[in-house]
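Undergrad: Here you go, one structure.
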Amino acid sequence: MRTIALGAFAVLATFACGGNTTGGSSAQAAPADQQVLRINDGTDPNSLDPTQQTYTYEAAVGRLTFQPLLQPNAGLTDVQPAAAQSYDVSSDGLTYTFHLRSDAKWADGKPVVAADWVYGWKHFLNPALAAGYVDPFFDQTIAGGSGYSDVDVKSASAIDSYLNGLGLSAPDDHTFVVKLAAPAGYFKWVASLWVAIPLRKDIVEQAAGGAFPSTDTTKAEAWANDPKTIVGNGMFKISDYTAKDHLTLVPSSSYWGGAPKLQKIIYYFISDGNTAFAKYRTGDLDMLNVPIANVDVVRQDPQLSKQAKLYPKLSTFWMTYNAKETPLDNADVRLALSKSIDRDKLTKDVLKGTDTPIQSFIPKGMNGYDSSLGDPQKFDPAAAKQLLQKAGVTAADLSKFKLLTRDTTGNKTVNQFISQQWQDNLGANIAVDVVDSKTVTSRIRKGQFDIYGPDGWGADYPDQQDWFDIFTSAACHSLNWGCVNMPGYDALVQKADSTKSDSDRNPLYKQAQKQLIDTANVGFIYQQAEYNLIRPYVQNLTITGIDDQYIPGDLYYHDVFISKH
Amino acid sequence: MALPIPSAPLVQQQDWDVPEQVGLWTDVWRRFRRNRLAVAGAVIVVILVLDAVLAGLLVQIGLIQDPIKQHVELSATGPSAAHLLGTDELGRDTLSRLMFGARISLTIGILVQGIYVLIGGTIGLVAGYAGGRVDNLLMRFTDIWFAFPDLLFVLVLVSVFSPSLLSIFVAIGIVNWVGLARLVRGQVLSIKEKEFVESARAVGSSHFKIVLRHLVPNALGPIIVTLTFGIPAAIFLEAALSYIGVGIQPPTPSWGVMIQDGYQAIYAAPSQVLFPGIAIAITMLSFSFIGDGLRDALDPRMRR
Amino acid sequence: MANTAIGGRPARGALPVRRLLAPSSRGAALALFVARRVLWMVPVLFFVILITFTLMHLAPGSPWDKAGGRQLSASIVENLNTRYGLDKPIWQQFLLYLWNVTHFDFGLSYQYQGRTVSALLVSAWPYTATLGVLAFCVIVPAGIGLGVVAALRQNSRIDYIAMGFSTFGASVPNFVVGMLFIIVFGVMLYNITGGNYSLPVSGFGLDDHLIMPVVTLALLPTAFIARLTRASTLDILRQDYVRTAWAKGLSERLVVLKHILKNSLIPIVTALGPTFAFLVTGSVIVETVFVIPGIGRSFVEAVTSRDYPMILATTVLFSVVVAIANLVVDVLYVFIDPRVRLT
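Protein chains in written order, with our numbering: chain A, -3 to 561; chain B, 6 to 309; chain C, 372 to 714.
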């Protein structure tokens, strides 16, 4: 049983990483002034402090300027050493001892010591700063962290006593110890997030004009406003930044792994997909995510089609049903709606084959993917109608509902298709209701919607733990918008999260996934992939399913180089 | 031997003797009719209005295709035999969407100008004519109105009242009348000091008559231009607002929304942007001709 | 006879008016007028801020709601509100804001953590202003010139071409025009020259980067000014004294042309005022399509992301620019048409 599971797992792993490395090191490198990689990051980072970054377009910068203790390996099967050269877990699973690299240096040449890690993590966990990624990854795992939301952020002493009570310590310069409140097999992944980085106390305080109380959030962030004071332990450093235009990264010569081959990475912030497309076609971009409307243009172009490739992501999308609106509280009704969407047509025609249909929760390429689990939600209009009949619901009952849609072009297109599908296959007239994005968020938080979508999740790290607490009852109004009642789900997930070994966790997660799909908590529709144009002279790109959106290979830019062309 | 022909000044004198009131509108109509471009414009507008009204009927009798029927396999194509003007991103027939789109676009584009005239025209007229403190207060009021963010105002408006066609109509009208107000005020300020106005005042005409008979006809030219340009502006504003969910919801078509959606596919099928643009241009051009013709017909100096 | 009609004053009641309009006191009257208008900006700004503040807090959605994915938990939202002073009662926030504005402190941006709104606007404005001023320098001569020529040759081929151009400029939204330029002068030109040259597709630079954005920006206003000029000029052309002078011949025509221009300028100047204000505070669309790091986008992004300090600051900036532009327009009225009497 075990061997088979491992074998299947290995096959999946090979699929995930096989064929996702471009070029090869046999190609000749171009001269140094051509070692420039130009990418469209889409939107400016809201902050250049990695601890404050929550969006992928920000993490794309944060990952390069700073480096966490660990990072996912190319196959996404496990973590591998990054800033830490190794780590031990105590037998009770409560103590993680990270052995830091002795040759790790900051971009200004000074050595990285364990005290920097403690300072960095404390800065991140300061409740006054309200960093988006603290909860639940860090405050629910680290010893002493769970009081995060109760700290009085106006009192410096309250904040300090909270921070000092955290299970973070530096017994010596090269050992960083993290104590957990309870065992958590997935903590190694948490430690690989881009937010968990060290910081230089002297630089932060100098930029703030001296020491400052923990309540002063402006001073705590002053260092992040100027590239000159952003000194990281990553392989690149920021050389210049023009807001809304571009950000340039150059190699950090003191990086422990040796300076990267690329001499420059330029992130442009082009929000208009057509402009970015034109920029690529006039030779000014090296990689580009192709907007859906232009996919056929690329496919039909003899030159461009050779540079384009589809890269699956660890992201799944679904339609959310509000269980507080009868008859959506009836699982059969939800199943009927989920079974009336022709996902093949959606992905092939509307999404131009850049995404793949999925009826299950965990995406392909990750541990836990099982397409057979998705059978209950498979497209079957006849069965769907029967389910409605069984539930005693008519199409007219459903026609009072509206499909809440965010005001982006992609969402509008997909939802018009889905609304038409429900009309064609069930006779239900569920009208599209476009609303501006902030208002949508405010409404779903209050449960003021009938059906909402497409909503989705992209893996923060390739472990199932990251996925299942989206649908716990505690997450009702923060992620589990539909608030569907699933008896036993919460306990199941909690048990799985706190189990240590993978082989024991996986069957539990599988059960939870089955429950999600069978009760049609949400209607899963597709798994995302990126259709990216990459110049043939960009060599050694290692692309994984959790790369930041539209930035292929950004977990592994160290060995990338530009070949002669 | 030639008979003596009345000289030009005699004709001009006759002009001033004709009282302006008798048969004004029949005279205007007659002169309008003689202007070929204006008539062409009027005919086109009538056709567009008929199209807007009859579009639904035409679909029912099968003359044009269903504007919301998706053929997703045919996404974003150019003109073809099956779809004369091509298809949009969900494979819907562009020609039928254009014909249906006329309803929203014409309604909003044209009727909103009425709101501008009502609010903006009145305020500008009063401000310019009254002058002094009234002018200052009204202009400072328009400064305030002009400055606060329209997008924010519309979002709040829509959250308080539901996002129906009426609310977007009101929203667009309320938001953009300031330009016309200022223009009218400027015109009135300069015209009211002219000799013929002074003479009218000296003769004892009431303010209302002065405004109607002297100020308005002489200020008409730029006002007509502003209203004509206001039509596409209103159409685009409607599209921009619909984009964020304030206004018509998909799949209802309007020309502005079609251009926005077509913009995404501008590389793949530029015709999707072209055709609605042509429709808007034709509408604007027609109203330009009508406006020019109207102004010429109303101009007392152009009478033969 | 004709000359009196153009440049003269009505004989009746002229004397007392003439004394008031003697040069030195006229200058003083103008200065007083400008000073009073500048003072009026204060109450106007106050009301603009008040209204915007109210609207902001009435708008659904909070700055901390994310566009998608993992939302911030309630406790983090609470801490963020504390951090930015949003937990105080609204009237207190308003008064605090007014107090800060008098010290030119416009607060911290919510979108760009840790950076002050004024720093963001100040660093971004030069890009917008450059484009705006350049576009204005294109609009004024091109628009007025086209309009005058079209009016003088009404119903000729040139008139129809001008009318066609202005219809096109108004019926095609500027994002379409901009992208068509990019496709033709960017991608197509690149392919035709085998990759050797094309106009730069995005970004700001004091070189050929400016061509496409400026032209795109100038297109609609030029079309409008051209048609406005044409209409206004036609109105003047039809006046009796002008027709008479025109018929008299070439030497008269030059004199009349100058007078036509002067008299038709009032509506043109009226339209140019807000046009300048809009140009100088940036076009969202042109800056998005051509990736200009200016302030135009800030106006829209601030509202869509509910960045309250940025919304207020951009609104204040716009009010001031508009007030100044309108002041200039009103002053110009007096110089163009001395008969216009201002308060």
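A virtual CB, placed ideally from N, CA and C, is assigned to each residue, including glycine.
Secondary structure at A:Ser559, three-state DSSP: helix, strand or coil?
TA: Here residue 559 of chain A is taken as the residue at index 563 of the first sequence, counted from 1. Here A:Ser559 sits in strand by DSSP.
Undergrad: From which residue to which residue does the alpha helix (DSSP H) around A:Phe183 run?
TA: Numbered from its first residue, the first sequence carries residue 183 of chain A at position 187. Residues 183 to 186.
Undergrad: Please confirm whether B:Gln17 has its beta-carbon closer than 8 Å to some beta-carbon of chain A.
TA: Taking the second sequence and counting its residues from 1, one reaches residue 17 of chain B at position 12. Because B:Gln17 carries a pLDDT of 48, less than 50, the predicted location of this residue cannot be relied on, and the following value inherits that uncertainty. Closer than 8 Å: no.
Undergrad: Can you find the residues in the same chain that come closer than 7 Å, C-beta to C-beta, to A:Thr409, ignoring five residues on each side of it along the sequence?
TA: Position 413 of the first sequence, counting from 1, holds the residue named residue 409 of chain A. The residues are Val346.
Undergrad: A:Gln412 CB to nearest chain B CB: under 8 Å?
TA: Position 416 of the first sequence holds residue 412 of chain A. So yes, A:Gln412 belongs to the interface.
Undergrad: Near A:Gly253, what residues of its chain come up, given a Cβ to Cβ distance below 8 Å and the 5 sequence neighbours on each side ignored?
TA: As a first step, residue 253 of chain A must be located in the first sequence, where it is residue number 257. Answer for A:Gly253: Met231, His554, listed in chain order.
Undergrad: So, under 8 Å CB-CB, A:Ile414 and A:Ile337 are touching, yes? Tell me the CB distance rounded to an integer number of Å.
TA: Position 418 of the first sequence, counted from the first residue, corresponds to residue 414 of chain A. Position 341 of the first sequence, counted from the first residue, corresponds to residue 337 of chain A. The pair is a contact, with the Cβ atoms about 6 Å apart (cut-off 8 Å).
Undergrad: DSSP state of A:Val480, grouped into three classes?
TA: For this step, residue 480 of chain A is matched to residue 484 along the first sequence. Under the three-state reduction of DSSP output, A:Val480 falls in the coil class, being neither helix nor strand.
Undergrad: Using a Cβ-Cβ cut-off of 8 Å, state whether A:Phe273 counts as contacting chain B.
TA: As a working note, residue 273 of chain A is residue 277 in the first sequence. At least one chain B Cβ lies under 8 Å of A:Phe273.
Undergrad: Just to confirm before moving on: does the CB-CB distance between A:Leu399 and A:Ile447 stay below 8 Å?
TA: Numbered from its first residue, the first sequence carries residue 399 of chain A at position 403. Numbered from its first residue, the first sequence carries residue 447 of chain A at position 451. Yes, these two residues count as a Cβ contact at 8 Å.
Undergrad: Enumerate in chain order the residues of its own chain whose CB-to-CB distance from A:Gln454 is below 6 Å, with the five nearest sequence positions on each side excluded.
TA: The residue labelled residue 454 of chain A in the question sits at position 458 within the first sequence. It is Gly, not Gln, that sits at residue 454 of chain A in the sequence shown. Contacts found: Ser311.
Undergrad: Applying a beta-carbon distance threshold of less than 8 Å, which residues of chain C neighbour A:Gln523?
TA: By one-based count along the first sequence, residue 523 of chain A stands at place 527. Simply none; closest approach about 16 Å.
Undergrad: Helix or strand or just coil, what does DSSP make of A:Thr401?
TA: The residue given as residue 401 of chain A occupies position 405 in the first sequence. In the structure shown, A:Thr401 sits in a strand (DSSP, three-state: E or B).
Undergrad: Taking DSSP as the reference, what is the three-state secondary structure of A:Pro167?
TA: Within the first sequence, numbered from 1, the residue matching residue 167 of chain A stands at position 171. If DSSP states are grouped into helix, strand and coil, A:Pro167 belongs with the strands.
Undergrad: Could you work out which residues of chain C lie near A:Gln48, taking near to mean beta carbons separated by less than 7 Å?
TA: As a first step, residue 48 of chain A is located in the first sequence; it is residue number 52 there, counting from the start. Here the neighbours are Gln484.
Undergrad: Which one or two residues does DSSP pair with A:Val109 in a beta bridge?
TA: Mapped onto the first sequence, residue 109 of chain A falls at position 113. Per DSSP, none; premise fails for A:Val109.
Undergrad: Under 8 Å, do A:Gln303 and A:Gln31 count as touching if we go by C-beta distance?
TA: Within the first sequence, the letter at position 307 stands for residue 303 of chain A. Within the first sequence, the letter at position 35 stands for residue 31 of chain A. It is not a contact, given that the beta carbons lie outside the stated cut-off.
Undergrad: By how many angstroms is the C-alpha of B:Ile69 removed from the C-alpha of A:Phe520?
TA: Position 524 of the first sequence, counting from 1, holds the residue named residue 520 of chain A. Position 64 of the second sequence, counting from 1, holds the residue named residue 69 of chain B. A:Phe520 and B:Ile69: Cα-Cα distance of roughly 36 Å.
Undergrad: Does any heavy atom of the ligand NAP sit closer than 7 Å to the C-beta of A:Lys341?
TA: No copy of the ligand NAP appears in this structure; indeed no ligand is present at all.
Undergrad: Tell whether a beta-carbon distance below 8 Å holds between B:Trp150 and B:Val122.
TA: Here residue 150 of chain B is taken as the residue at index 145 of the second sequence, counted from 1. Here residue 122 of chain B is taken as the residue at index 117 of the second sequence, counted from 1. It is not a contact, given that the beta carbons lie outside the stated cut-off.
Undergrad: Our contact map puts B:Pro281 next to B:Leu103 with C-beta atoms below 8 Å; I'd like the distance itself, whole angstroms only.
TA: In the second sequence, the residue the question calls residue 281 of chain B occupies position 276. In the second sequence, the residue the question calls residue 103 of chain B occupies position 98. Confirmed, about 6 Å.
Undergrad: Within 8 Å of any Cβ in chain C, is that where the Cβ of B:Asn181 sits?
TA: Translated into the one-based positions of the second sequence, residue 181 of chain B becomes position 176. With 8 Å as the cut-off, B:Asn181 does not count as an interface residue toward chain C.
Undergrad: Report the residue from A:Asp432, A:Thr278, A:Val291 whose alpha carbon sits nearest the alpha carbon of C:Thr564.
TA: Position 193 of the third sequence, counting from 1, holds the residue named residue 564 of chain C. Ranking A:Asp432, A:Thr278, A:Val291 by Cα distance to C:Thr564 puts A:Thr278 first.
Undergrad: So for B:Phe166, helix, strand or coil by DSSP?
TA: Against the second sequence, residue 166 of chain B aligns to sequence position 161. Residue state, collapsed to three classes: coil.
Undergrad: Taking C-beta to C-beta, are A:Gln535 and A:Ala28 nearer than 8 Å?
TA: Translated into the one-based positions of the first sequence, residue 535 of chain A becomes position 539. Translated into the one-based positions of the first sequence, residue 28 of chain A becomes position 32. No, they are not a contact pair.
Undergrad: Is the stretch 414 to 434 of chain A in contact with the stretch 228 to 237 of chain B, if contact means three or more CB pairs nearer than 8 Å?
TA: no
Undergrad: Counting only beta-carbon atoms, is C:Pro592 nearer than 8 Å to chain B?
TA: Numbered from 1 along the third sequence, position 221 holds the residue referred to as residue 592 of chain C. Chain B, which has no Cβ nearer than 8 Å to the Cβ of C:Pro592, makes this no.
Undergrad: Which residue's Cα is closest to the Cα of B:Trp260: B:Asp32, B:Gly106, B:Leu142, B:Arg190?
TA: For the purposes of this step, residue 260 of chain B is identified with residue 255 of the second sequence, where counting begins at 1. Taking only the C-alpha atoms, the option nearest B:Trp260 is B:Gly106.
Undergrad: Identify the contact partners of B:Asn40 in chain C, using a Cβ-Cβ distance below 8 Å as the criterion.
TA: The sequence position of residue 40 of chain B within the second sequence is 35, counting from 1. Per Cβ cutoff of 8 Å: no residues; B:Asn40 is ~10 Å from chain C at best.
Undergrad: Using a C-beta to C-beta distance shorter than 7 Å, which residues of chain C count as neighbours of B:Gly226?
TA: For the purposes of this step, residue 226 of chain B is identified with residue 221 of the second sequence, where counting begins at 1. In chain order: Ala602, Ser603, Leu605, Asp606.
Undergrad: Closer than 7 Å by beta-carbon distance: list the chain B residues that pair up with A:Asp351, in chain order.
TA: In the first sequence, the residue the question calls residue 351 of chain A occupies position 355. Result: empty, since nearest Cβ-Cβ is about 14 Å, beyond 7 Å.
Undergrad: Closer than 9 Å, Cβ to Cβ, to anything on chain A: give me those residues from the stretch 430 to 444 of chain C, in chain order.
TA: Shown in chain order are the members of the stretch 430 to 444 of chain C whose Cβ falls below 9 Å from a Cβ of chain A: Ala430, Pro431, Gly432, Ser433, Pro434, Trp435, Asp436, Lys437, Ala438, Gly439, Gly440, Arg441, Gln442, Leu443, Ser444.
Undergrad: State the Cα-Cα distance for the pair B:Gln277 and B:Thr99, rounded to the nearest angstrom.
TA: By one-based count along the second sequence, residue 277 of chain B stands at place 272. By one-based count along the second sequence, residue 99 of chain B stands at place 94. Going from the Cα of B:Gln277 to the Cα of B:Thr99 covers about 7 Å.
Undergrad: For a cutoff of 8 Å on Cβ pairs, would you count A:Gln303 as touching chain B?
TA: The residue given as residue 303 of chain A occupies position 307 in the first sequence. Not one chain B Cβ lies under 8 Å of A:Gln303.
Undergrad: So, are the CB atoms of A:Thr137 and A:Ala177 less than 8 Å apart?
TA: Position 141 of the first sequence holds residue 137 of chain A. Position 181 of the first sequence holds residue 177 of chain A. Cβ distance < 8 Å, so A:Thr137 and A:Ala177 count as in contact.
Undergrad: Under the rule that 16 or more other beta-carbon atoms within 10 Å means buried, what is B:Glu78, buried or exposed?
TA: Position 73 of the second sequence, counted from the start, is the residue given in the question as residue 78 of chain B. Counting Cβ neighbours within 10 Å, B:Glu78 comes out exposed, since fewer than 16 surround it.
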